[in-house]
């Protein structure tokens, strides 16, 4: 959970009080602002208003689970190369084909994340004015969606390194 508010800096600062006026005004304006991305209403908002993003989260979680279950095909490939036979070659192909399909799904998923993240950022950063102050549900929901998609991408990267 993030909470707004002014913060004091330890140590000396070379800034004059004139330089701090806009930051102080901004800080006072949002001193009671609380952003709770874990609120279940954010997930419900995403489901209703951004079904494509919500579905991407579901697909991403399924792919992550598939990657975690991945056991590789190196033994079968090594056996097919060192002891060539139709049976060993068939065993290697049975392991390679599902791995290639998983790799393709991951690639297509990464491309879909590349397409949606800029639109989420554009929506979050657009129309920021006084009239948007009541749109916190939208902003919280979009922030949650963005955070969840980024977490999925980070998890993919971590699994890619360890697999």
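Residue numbers (my numbering): 19 to 181.
Cβ coordinates follow ideal geometry from the N, Cα and C atoms, glycine included.
So, are the CB atoms of residue i and residue j less than 8 Å apart?
i, j, result
"residue 98", "residue 107", "yes"
"residue 172", "residue 82", "no"
"residue 139", "residue 64", "no"
"residue 135", "residue 177", "no"
"residue 94", "residue 113", "yes"
Would you mind working out which of the options sits nearest residue i, comparing C-alpha positions?
i, options, result
"residue 69", "177, 104, 85 and 159", "159"
"residue 126", "67, 179, 180 and 74", "74"
"residue 137", "101, 114 and 71", "71"
"residue 142", "109, 157 and 129", "157"
"residue 88", "103, 121 and 78", "121"
"residue 170", "179, 96, 131 and 103", "131"
With DSSP collapsed to three states, give me the class of residue i.
i, result
"residue 159", "helix"
"residue 71", "helix"
"residue 171", "helix"
"residue 181", "coil"
"residue 78", "helix"
"residue 83", "helix"
"residue 165", "helix"
In the region 103–154, which residue ranges form an unbroken alpha helix (DSSP H) of at least 4 residues, counting only runs that do not cross its ends?
104–143
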